[in-house]
Each structure stands twice: as C-alpha cells, then as structure tokens.
Amino acid sequence: MTMRLQAATVRFGAVTALEDASVDIQPGVVTAVIGPNAAGKSTLLRVLAGLQRLQAGVVSIDGTDLASMPARTRARRIGFLAQRGGVSGPFLTREVVGFGGFALASGRGGFHGVDAAIDAVGLTADADRPLNQLSIGQQQRAGLARALVQVDPAAGGLLLLDEPFSAQDPREIERIAAILEAFAAAGGGVVAAMHEVGVAWSVADHAVLLAGGAVIDAGEIESVLSPRALESLFGTRFVPSEHGPVPASRRRNDASARGDG
Amino acid sequence: MSPRRRILGAAILIGGVGLLLFLRLFVGRTITPDGAVEIVFGLPDASVLSIRIGSSIAAIAAGSALALSGLAFQVLLRNPLASPWVLGVSSGAGFGLMLAAWLVVAGGGFAWLGDLLMRWSGLPAAGGGALLAIAVVWLLGRRIGTFDPVTLVLCGVIVSATFAAGIMLLQHLVPNGVRGDLVTWMMGRIPEVASPWLLGSVCGLSVIGFGLGSWQASGLDAACLGEDEARSVGVSLDHLRNGLLIAGGLLAAGSVVLVGPIAFVGLLSPHLARLLVGPRHGRLVPATVAAGAAVLLGADLVRQLVDLGGGRLPVGVVTSLVGGPAFLWLLLRRGGVS
Amino acid sequence: MDGAVLYEVVSMTLFTRTFVVGSIVRRLARRVEPRRADRLARLLVFGLVGLVVLAGGCGVPADEGAEVSPDPRSRVVSLSPAMTTTLLDLAPEANLVGRTPWCRGAASAPVVGTLEGVDAELLVQIRPDVVLVQPPASGIDPVILALQDRLEFRLISRRLDGLADVRATADDLVAAGVVESKARDAWSASASEVAANADAVGAGRRLLLLHGLDPFRAVGTGTYLDETIESAGAVNALRRPGWIEIGVEAMVSLEPDVVVVIGDAPDATATLDALPWRRRPVVVGFEHPDVFEPSTRIPAVNAAFRARLQSNPASDPVAERDS
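Protein chains in written order, with our numbering: chain A, 377 to 637; chain B, -17 to 320; chain C, 356 to 678.
Shown next as structure tokens:
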C-alpha cells in the first residue's frame, strides 16, 4: 500500500492552506507530520483521508485516485481521527466504537474487534457510559478505537490521526504509541499530525515538516528532525539530546542553555 | 441503557398506543335523551364507531408522519430543537391556502383557479405551497453547494420569512371572514371524515419513511459523528442529507395537508422515543413512529373530552399547552440537551 | 367510514408497503446482512398483521337502522347563530336539536359545532333532518358535506349578506317543512311594510358605520349593515366591499358627514373627535341586541337605526343639505 500526494493545492477563499504539496506515505512505518499552528497539518490529513477537495493535484492510494473511490471502499482502507471527537446524541462509548464497522461486511475485518479495541485504548471501564460524558482525552481514545475497528493493516490499511497525543497524559501517550507501532508492524501505515517533537522522536520513523502550507522536508526522522530545521520551523532554539532535539531550556542555571547545537 | 430498560421502553410505547387507541374508540361523548352531553364509556354504535376509527387512523397517520419528519430534520440539522416546520413547510402551506382564498374572493378573472385550489378541503393549495417551500430550500442548498446544517437552517429561515410575509400581505388584502379561517387552520384539526385517498397517501408516506429509516439505521447512527468522521467511516453524507431533506419535507407536507400545522408533535416525539429506547436508530425509528401516533392520539382524546363551552379545543392548542411544559421538563431532566 | 372505504385505505397502504418491502428485501439480500433483514422483516410482518386485524375488526357495516324518534317534527341542527334566530322567530316551536355556543334562545339544545366546523360524532348521534349552515368565504366545511352523504339530511347553506338572503333562507325553511308558509308570509309582509314606511332620515348624507374602534373596523358595501345604512336614506361613505379594517388616514379622507359607532364605547366620541378631520362629522352611538345577526330581525334593526339617526341630539353641521 502506498499513498501518494502529488502537487496538491487547497484554497479556502483567499487563504491558501496547502501549496503544491507532494508526499509519499510508506506502509509499515509511523510518519509524523510536524509543523507550527496553521501550517496546514489538519488540511493535509483531510486531503489524505479524501475528505477535502483539491483545487489542484491528485491524491491516490495504490495508484487509484481517491476522489473516484466509493465511500465504503475508501473507509475500509483509511481510518481518520479528527482533532475533536464527540457524537451528537447519548450514544454509549461501545456503540460509537462500533460505528467503525459501518463499512465492513458483518462488522468484522478491522485490526481489532470492538471489545479488543476498547481494551487496547484502556476504556474498558467506561465502555458502557455515554461518550459525551467522557473527558476529551478519553473521547479521543475512543475515536482511535473506532479507527482500529475500521481498518485492517494486513490489507494495507492506513490510519490518519490529527493530534492524537494533545489531550493525553504520559501513560496514555505510551499506550497509544504502542498501538501505533503495533499497527505499523502489522503492515499498515500511520500518519499522525502533532507538534510534540519529543513524542514524534520516540514514536515515528518518518517525518514530514510543514510550514505555511508547504512541505519543507520529508524523510527519515533522524535526518529531517535536526535542531536547525526545527528552529527555522518553530522560531525557538532547539538543542540536541539523547531523546532527540528538545527546546532550549529557559532555566537560568541550566548548563545546556549556553551550549551550542 | 440496559436491554431491559429498552424492552420496557418499547413496551410502554406500544402499550401506550394500544391503550390510547382503545380509549379513543370506546370513550366519547353522547347526547342523553334530555339533550345534555356527557362522557360515556362503551362500545358505540356503528356509525359513531366508524367516525372514531377514521379519526384514529388520521391521528396515527399524521402523528407518525410528523414524528418521522421531526426525527429526519433533527438528524439532518444536528439540532435537537428541529421540528417539521423548521424549513418553512407550514408557512408554504399557509401561503398556498391564503393565496387560494384571496383568488376566490378578490381574484376577478382568476377566481376559478382559487376554487380549484380549494377543492378537497384545500389539498392542492396547501400541498402545493408545502412542496414549493421544500423545493426552494432544496434548490437554494444545491445552488450554495452544500446541505450542511447551518446552510439549511438559513435557507429555512429565509423561506419561512418570505412566505410569512406573503401571508401577511394577502391577509391585509382580504376581507375579515376569510382571515379567520386561516387562524383556525393554523390551530390544526384532525379530520373525522377525510378522503381515503389523502389518508392512504399519508399512511403510505409514513410507511415508506419508516422503511427507509430502518434500512438506513446504521448510516443514520454513524452520521451522528462529526462531519469528517462520518464521511471517513464510509457514510455517503451527501446522499443521506439529500434523502433526509426530501423525506422529511414530504412527510411534513403530507401531514400539514391532512391536519394542518400542529406544533410540538414532531419536535417532542423523537425525544420521547429516545428517552424510552435509546439513540440507536434501528430502534429509534419504529419507536418514533409509535411515539408520534401516541402523542397525537392522546391529544385528540383530550380534545374530545374537554369542552370549555366554546366548542372543543383545536388539537394544536392541546399539543401546545402540553408540549411546552413537557419539553421544559425534558430539558431540565437531561440537564441540557446532549 | 364504511367497509368499502376502509378497504381502499388499507389496500393502498398495503400496496405501497409491498412495493417498498420488495425492493428493500432485495437490496438487503444483496448485502448479506441477515440480522438486519430478519429484524426488519419481523417488524413488517407485525405491522401487516396489525393492519389486517384492524381491517378485519372494522368490517362493521354502516348501520342505518336508527332508533325511531318519538317526536315526528323535523330535527334541525343550526350551525349559525343568525339562522337560529331566524328559525326561532318564524317557528318558535321548532325542534332544534343542535346549536353553536352563540345561538340565542336555544339553551336546551346541545352545542354541536361552530361557524367553522361541526363535531361529527355528536352530529351522527343526533341524526338531524335539516342542517343550517352559514359558510365562510373559503367554502363549506367538507366534513359537513361528507356527513350529508352519509346521514342524508337536508342542507340549507346560505351566505347572509342582506335581507334578500334572509328571505331566501326563510323560503328554504318552508321548503324543508320546518316553517309554515303563513309564518313566513306574515314576516315577509311586515318586513316590507317596515321598509315602505321608512322615511329617508339620512337625506343622502355620507355615513360611516363602525363596529370596532381598536383598530377601526368599518362596514363596507355588499353587507347587511350596508343595507341598514341605505334603508335610512344615507349613503355608505366607504365604497369598498365587505368588512374592512380601516386606518385613520383612510377614514379621514372619506370625509363622512356622520359616523355611527355600534356598541357602547363610552369614549367613542372623544376618540373620534380627536382625529384630524377636515370637517368634523357628527358622531352617533347605536346599540341593538340583534345588530350583529343578519336574521329576521333586520327590519327591526333598520327601524331602530333610523330612529336613532332622527333623534340625534347633536347639532347637524350640514343641515343646509336637508331638503
């Protein structure tokens, strides 16, 4: 399974959200999309999910143009987690996770079944509560569980996650990271937009740097995520460490602040 | 919601409809030999029973059509406060009736057109106006390019306001007696003797709506996710929205022609059903049908028995008097609408 | 609703259902989702069974064998207060068995409807021979027509826009055998006599007749009160047909010589005097218990109206117009 974006341009009125972006998504690896706010990360993900119309360019999976793919076929290949989850109506968490099986014949065929997916994201205790009563982080994890029910990595499935770590505590970050690695190891592709550089370093294998709607760099994460690149991206100083580049500390008596990259 | 509670809820609904139907058929008012009117329980004689059956069928047909229409619009607009009239159907129907009445009274050479529109108790006038309202909303949505909730609500507001302005204009142009008729019509009336063609059509619409709703139940469920997520799960949101708009509009048009613009039935029945059987549409759609039938049957029953001296209350007055507080209670109980 | 009609409704519903069921089941079979198809099928089967039960249980033939009323007189239901008054004036012993809440002089009869519609159940139990209706402009209530087919009563339906309509109603009542022709003739003769003896008190003055003050509601042409104005020899200042809600500007521009206000509004004179008339008209109040009913009492109302105009104590600013 390869997903390819070629020269994609997306405009909302006078604002250009993506300009001539080209990206190749590999299976079996976790790809992090990193960039500052309003860089176009969400738009890029929505384009890859086939949810956003392009003013120019093409997005294709295994050579087939996504725009011409019927909704259910696309749903079986691509799972999407939006930045904000939630459901209108008093549906139970278990039921919402079950929505992932909508496009599947007899509701089976994803990475996990409904119960296994709920276990994997750590929501077993809350599975029978209405989703809207859970915290934002829990709702996000429920959305991830739904996507796991929806796509099968062994059949070339792809997970597209918009800021999956932003509302999670470290234990949950670890849990999610493990799930993503397992998904990639099973042959699927994972693309996650985030701006936590440290998490990207520990979880992702590839990275795509995005700024102002344009792809700055893409490739193996060790080479793409250099302190210099990050500094020009985010405008703050980054220093190298054994956990990847980290923002230079502001503590006055921290020796590394005086160090050079 | 546990399975036991759901079964109990379903039983309450079906039992409710059955009980109300039973009461409606067997309780009524008779004229005693000395001319007084009193409430009586028992099997009435055949002619009265046939009127009550006709009335009950009309109430069940219109109630279920209104409830399904309300549910369709609530899902379409992602708004628990949507009613069948939110997109201007009742304004359109009222405008059609007012236009026909004006043609009859003051149309000069076109009076024949007014007469034609008022045949079969105003069916062409009201139905034409209602369908026109839906068509305008649909065309506006297509022109703008999207059927998303905000766009549709705006279109509905525009259409409602335009038709309401037209109604006001015609009311000004028309003598007093005719104006009174529109006010009466707006309060709603369950016809005791309706044309079988009209009854059958509304019944058929309800059945088709019920069938479509049950068939698309899982799509309707998944459509409750956010717009992007619903599409990503595989729901053809555009087709679904198209279908909901047309189905909801036709159901509302059918009921407004049969019983007039009755308030609160379409708004409350889906909530009542959701309270009893939960939000999954596989159960919610049939429960909504039952809830709508029960609500309108109940309102008609109350209307039959209460006589405040000025003739019986119109059914729309009963639903409004009960519906307002009931809605408030629902709102408070839930602590806000989720 | 007799069996044939019910059969029509049920068969139409079943037909649409069959069609829908067929296409739905086909699509479901293609999808191979046995669970949902099964549940849907079950629901539909219950529904069909329910319908069949309903249809079967309702195969009750319309029973035409009503109990014989001991009173051999025609049973009359009146859905118009004006027609009730007319009926009771011409035939005080008439057998009125149904009325509206505003019918006067018929307290013993139960209320079975209003000007807008009738209570079908009660009407069916009453089994009238004659029904009197004063239909609104949008036409007679179709429920009444449907009931007429079923119960086969005689329907007298008249718009009451003038004395001629009341005469026609009286003729209809005679034809229906409810009123004796000599009672009708007696009334007709007295009405003509009253009209012949009328002297033209109004003397061609322009008169505006108001029946409401907030907002101003005026009597236009083509109504029975317009005839009242003409019977007094005056001319209706308002030349539009029907019952008109009139604004102050329009009223002032009519330049009436006399404004008559129906009903007791103590500050009517003050209200009207305060308006910006170019030439202030004479304001007269007029009351009569039967003024709002176009019935057999119109001649009496007309006579009282003339008397009121004649005895108007206010000075007449256009007295020079009188002959």
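Yeah, the Cβ is synthetic: ideal placement off N, Cα and C, and Gly gets one too.
Inter-residue spacing [alpha-carbon to alpha-carbon] between residue i and residue j
i, j, result
"GLN153/B", "MET80/B", "7 Å"
"THR385/A", "GLY574/A", "30 Å"
"GLY472/C", "PRO178/B", "20 Å"
"ALA569/A", "THR166/B", "60 Å"
"ALA530/A", "GLY563/A", "5 Å"
"ILE35/B", "SER65/B", "28 Å"
"GLY519/A", "VAL473/A", "7 Å"
"GLN515/A", "ARG60/B", "19 Å"
"ARG635/C", "VAL614/C", "10 Å"
"TRP197/B", "LEU134/B", "24 Å"
"ARG294/B", "LEU257/B", "31 Å"
"ARG6/B", "SER38/B", "7 Å"
"GLY603/A", "ALA590/A", "Rather than Gly, the amino acid found at residue 603/A in this sequence is Pro. If you take the alpha carbons of PRO603/A and ALA590/A, they lie about 19 Å apart."
"ARG11/B", "PRO296/B", "16 Å"
"ASP16/B", "LEU31/B", "22 Å"
"VAL590/C", "VAL467/C", "40 Å"
"ILE410/A", "ALA561/A", "22 Å"
"ALA447/A", "GLU618/A", "44 Å"
"PHE478/A", "SER214/B", "10 Å"
"ALA199/B", "ASP210/B", "19 Å"
"GLY0/B", "GLY305/B", "21 Å"
"SER142/B", "ALA538/C", "55 Å"
"GLY225/B", "PRO106/B", "24 Å"
"SER103/B", "GLY494/C", "9 Å"
"GLY(-2)/B", "LEU113/B", "33 Å"
Neighbourhood of residue i by C-beta, 7 Å cutoff - its chain only, sequence neighbours within 5 removed
i, result
"ALA49/B", "VAL247, GLY248, SER251, PRO252, THR270, VAL271, ALA273, GLY274"
"ALA308/B", "LEU250"
"ILE549/A", "PHE541, VAL575"
"ALA383/A", "ASP396, SER398, ALA432, GLY433"
"ARG663/C", "VAL639, PHE641"
"GLN459/A", "SER418, ASP538, GLU539"
"ALA464/C", "LEU451, VAL452, GLY453, ARG454"
"ALA88/B", "LEU155, VAL156"
Residues sharing a beta bridge with residue i, DSSP
i, result
"TRP598/C", "VAL574/C"
"THR392/A", "ARG387/A"
"VAL382/A", "The identity of residue 382/A in the sequence shown is Gln, whereas the question assumes Val. According to DSSP, which records beta bridges pairwise, GLN382/A is partnered with VAL434/A."
"PRO506/A", "LEU468/A"
"ARG452/A", "ARG452/A pairs with nothing; no bridge assigned."
"ARG561/C", "VAL590/C"
"GLU618/A", "GLY620/A"
"PHE23/B", "VAL9/B"
"ASN450/C", "ARG430/C"
Contacting residues, own chain, Cβ-Cβ under 8 Å from residue i (five flanking each side not counted)
i, result
"ALA553/C", "SER586, ALA587, GLY588, ASN657, ALA658, ARG661"
"GLN665/C", "VAL556"
"GLU648/C", "PRO436, ALA437, THR440"
"VAL498/C", "GLY472, VAL473, ALA475"
"ALA525/C", "THR441, LEU445, VAL534, ARG539, TRP542, SER543, THR651"
"TRP640/A", "This structure leaves residue 640/A out entirely; chain A is present only between 377 and 637."
"GLU441/A", "The sequence as given places Asp at residue 441/A; Glu does not occur at that position. Around ASP441/A: VAL434, VAL435."
Residues of its chain near residue i, where Cβ-Cβ distance is below 6 Å and the 5 sequence neighbours each way are ignored
i, result
"ILE599/C", "ALA573, GLY575"
"LEU536/A", "LEU421, LEU424, ALA425, PHE456, VAL567"
"ARG592/A", "Note that residue 592/A is Ile in the sequence shown, not Arg. LEU585, listed in sequence order."
"THR612/A", "PRO623"
"GLY588/A", "none"
"LEU95/B", "LEU85"
"TRP457/C", "PRO436"
"ARG560/C", "ALA589, ASP612, VAL613"
"VAL322/B", "Past the boundaries of the shown model lies residue 322/B; chain B is included only from -17 to 320, so the question cannot be answered."
Uninterrupted beta strand (DSSP E) stretches inside the region 498 to 535 of chain C (no shorter than 3 residues):
The region 498 to 535 of chain C contains these whole beta strand (DSSP E) runs: 509 to 512.
List, from N- to C-terminal side, the alpha helix (DSSP H) runs of 4 residues or more that fit wholly inside the region 146 to 207 of chain B.
158 to 168, 178 to 197, 199 to 204, all fully within the region 146 to 207 of chain B.
Give a yes or no on contact between the region 520 to 528 of chain A and the region 407 to 418 of chain A, applying the rule of three or more CB pairs nearer than 8 Å.
Under the Cβ criterion (8 Å, minimum of three pairs), the region 520 to 528 of chain A does not count as touching the region 407 to 418 of chain A.
Across the region 274 to 283 of chain B and the region 37 to 52 of chain B, are there enough close Cβ pairs to call them in contact, namely three or more that are closer than 8 Å?
Flag = yes, the region 274 to 283 of chain B and the region 37 to 52 of chain B touch.
Taking three-plus beta-carbon pairs below 8 Å as touching, is the region 65 to 76 of chain B in contact with the region 233 to 240 of chain B?
Touching, yes.
Let me know the beta strand (DSSP E) ranges lying completely inside the region 504 to 591 of chain A, each 3 residues or longer, listed in chain order.
Annotation: the region 504 to 591 of chain A contains the following complete segments of the beta strand (DSSP E) (minimum length 3 residues), in chain order: 534 to 538, 565 to 570, 582 to 587.
Do the region 485 to 492 of chain C and the region 508 to 519 of chain C meet, that is, are 3 or more Cβ pairs less than 8 Å apart?
Proximity of the region 485 to 492 of chain C to the region 508 to 519 of chain C meets the contact definition, three or more beta-carbon pairs being nearer than 8 Å.
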